[in-house]
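S.K.: Dropping a structure here in structure tokens format, bear with me for questions.
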Amino acid sequence: MDHFLYRDGELHAEGVSLSCIAQQVGTPVYVYSAATLTRHFGLFRQALDWTDHLVCFAVKSNSNLAVLKLLGDLGAGMDVVSGGEYLRAKAAGVPGNRIVFSGVGKTVPEMRLAIEGGIRQFNIESEPEMRALSALCVSMGVTVPVAIRVNPDVDAKTHEKIATGKSENKFGIPISRAIAVYAEAARLPGLQVVGIDVHIGSQLTDLEPFRAAYAKVAQLTRALRAEGHAITRLDLGGGLGIPYQRDNSAPPLPLDYGQVIRETVGDLGCEIEIEPGRNIVGNAGVLLTEVIYVKAGEDRDFLIVDAAMNDLLRPAMYGAHHDIVPVIQPAVGAAVRPYDVVGPVCESGDTFRKGAELPEMAAGGLVAFRSAGAYGAVMASEYNSRPLVPEVLVQGDHFAVIRARPTYEDMLGRDSIPAWL
Ligand code: LLP
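Laid out in structure tokens, this is it:
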């Protein structure tokens, strides 16, 4: 459930009408609902309330400081994958002991920055990374908690670009090599091995791949304990999918997911960490856009909107579906007609949907792309020199701009022309 509903004939984010935001902030603009974020975070906490746990929000899905602050204040930990994300989590007020550092290519400066600022745990993804971290810790005279990410070779049954748990993927250490890698980790100075980490992919709509991966983690926990390692934490990653289409069957809920965790690793006495991103913020955001032109093609009509693939990349990159809805509520039984909804960028890939069924639209009309809160603004660029899309957070009947739209001067001012040109 989210808080984007029609009220008095207009789509609202909680108590604020989207046309009011369009009028005051302009379009395109991302709009997030604080109540939805709070609700979704609470569902994960509830799903794990049977055990000691930390829900670490995957910062990559939405890294706006206001979103991080809202979740951090609710008690969320953060899963970060770069120095920049680490600093964002800290800037949002999240203490280092609630920040987990994941990612296959952490650099030494990034690791140093996190050690200096305080860190809950590094999720190590390779032997060279583990040795580099150990050497860094020795040079700094510290010991840091680590988990090792294992690759369980499980098919997550999701889009190939976001599946991470098969042996051909770059992530983690092959589970078959885990015993040897943990033995080396235990010998290396500066590292305190505390747990196991796994993440098999994103937008999973079936719980069975989670069950298969977590069963392997349980087995490995027992094997490592038999070797004398104190495994006290399991980081089970993120990945639970969301409904992108209102009319198809709903993916499993956080509570069902929590049950799978309980059934597979619940008897090990470990503290559980999870790293959901999309499920917390995906349906807590929409991308609001205005129709620039309605253009008649040979055999179809194009709705040319002022949002483009640079603002919301998912349809162009993954063929992703986002429901497109008019801001003005259509009358019951109103006729709909097909439009190809496209942006102004000079690529045919800048198509949000072919044949979207919408009521008759005209220039100046507003539509919203739903389920755009995760991997929306964070993946935006200035391609075609379109200023970065702004973001707004709604709470109840008020809203705030949480990232302003850059001016053309801001955008141009970042470049410099060398004196010798
Ligand atoms: N933990 C790790 C180590 C991850 O790599 C990811 C996502 C997550 C947690 C969060 O997964 P989530 O709960 O959000 O599914 N840009 C793509 C998604 C990329 C996901 C990358 N890793 C998209 O728009 O679908």
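With the UniProt record's numbering, letter number 370 in the sequence shown gets 370, and the count goes up by one each step, no holes. Note that beta-carbon positions come from the ideal geometry of N, C-alpha and C, so glycine has one too.
Would you check if the region 272-284 and the region 332-339 touch, i.e. whether three or more CB-CB distances between them fall below 8 angstroms?
M.R.: no
S.K.: Does DSSP classify G84 as helix, strand or coil?
M.R.: Here residue 84 is taken as the residue at index 84 of the sequence shown, counted from 1. Here DSSP, grouped into helix, strand and coil, assigns G84 to helix.
S.K.: Go ahead and pull the three-state DSSP assignment for M78.
M.R.: Position 78 of the sequence shown holds residue 78. Here M78 sits in strand by DSSP.
S.K.: Compute the Euclidean distance between the alpha carbons of R7 and Y30, then round it to the nearest angstrom.
M.R.: In the sequence shown, counting from the first residue as 1, residue 7 sits at position 7. In the sequence shown, counting from the first residue as 1, residue 30 sits at position 30. Using only the alpha carbons, I get a separation of about 20 angstroms.
S.K.: Reducing DSSP to helix, strand and coil, say where P209 ends up.
M.R.: Numbered from 1 along the sequence shown, position 209 holds the residue referred to as residue 209. Of the three classes helix, strand and coil, the one that applies to P209 here is helix, per DSSP.
S.K.: Thinking just about the alpha-carbon of each residue, which of R149, V345, L358 and E227 is nearest to the one in S381?
M.R.: Counting from 1 along the sequence shown, the entry for residue 381 is found at position 381. When each option's Cα is compared against that of S381, the closest is V345.
S.K.: Under the rule that 16 or more other beta-carbon atoms within 10 Å means buried, what is L253, buried or exposed?
M.R.: Taking the sequence shown and counting its residues from 1, the one referred to as residue 253 is at position 253. Burial call: exposed.
S.K.: Any Cβ of chain C within less than 9 angstroms of the Cβ of A419?
M.R.: In the structure shown, chain C cannot be found, because there is only a single protein chain.
S.K.: Contact defined as beta carbons within less than 8 angstroms: I believe L65 pairs with A34. What is the distance between those atoms, to the nearest angstrom?
M.R.: Taking the sequence shown and counting its residues from 1, the one referred to as residue 65 is at position 65. Taking the sequence shown and counting its residues from 1, the one referred to as residue 34 is at position 34. Between L65 and A34 a beta carbon distance of about 14 angstroms is seen, past the 8 angstroms cut, so the two are scored as non-contacting.
S.K.: Is the closest heavy atom of ligand 1 to the C-beta of P28 under 8 angstroms?
M.R.: For the purposes of this step, residue 28 is identified with residue 28 of the sequence shown, where counting begins at 1. Result no, Cβ not under 8 angstroms from ligand 1.
S.K.: Under 8 angstroms, with one C-beta from each stretch per pair, do the region 81-95 and the region 105-113 reach the 3-pair mark?
M.R.: yes
S.K.: For R98, which residues of its own chain have a beta-carbon under 7 angstroms away from its beta-carbon, when the five flanking residues on both sides are left out?
M.R.: Position 98 of the sequence shown, counted from the first residue, corresponds to residue 98. Closer than 7 angstroms at the Cβ level, and outside the excluded window around R98, lie L54, G77, M78 and R120.
S.K.: Give me, in chain order, the residues of the same chain whose beta-carbon lies closer than 6 angstroms to that of R300; leave out the 5 immediate sequence neighbours on both sides.
M.R.: Taking the sequence shown and counting its residues from 1, the one referred to as residue 300 is at position 300. If we look at R300 and ignore the five residues flanking it on each side, its Cβ neighbours are D340.
S.K.: Would a C-beta distance cut-off of 9 angstroms place P28 and A307 closer than the cut-off?
M.R.: In the sequence shown, residue 28 corresponds to position 28, counting from 1. In the sequence shown, residue 307 corresponds to position 307, counting from 1. Yes, these two residues count as a Cβ contact at 9 angstroms.
S.K.: For P315, is the classification buried or exposed, using 16 other Cβ atoms within 10 angstroms of its Cβ as the cut-off for buried?
M.R.: Taking the sequence shown and counting its residues from 1, one reaches residue 315 at position 315. So P315 ends up on the buried side.
S.K.: Mapping DSSP to helix, strand and coil, what is G282?
M.R.: Numbered from 1 along the sequence shown, position 282 holds the residue referred to as residue 282. G282: helix per DSSP, three-state reduction.
S.K.: Below 8 angstroms, is the gap between the Cβ of Y6 and the nearest heavy atom of ligand 1?
M.R.: Taking the first residue of the sequence shown as 1, we reach residue 6 at position 6. Incorrect: Y6 has no Cβ contact closer than 8 angstroms to ligand 1.
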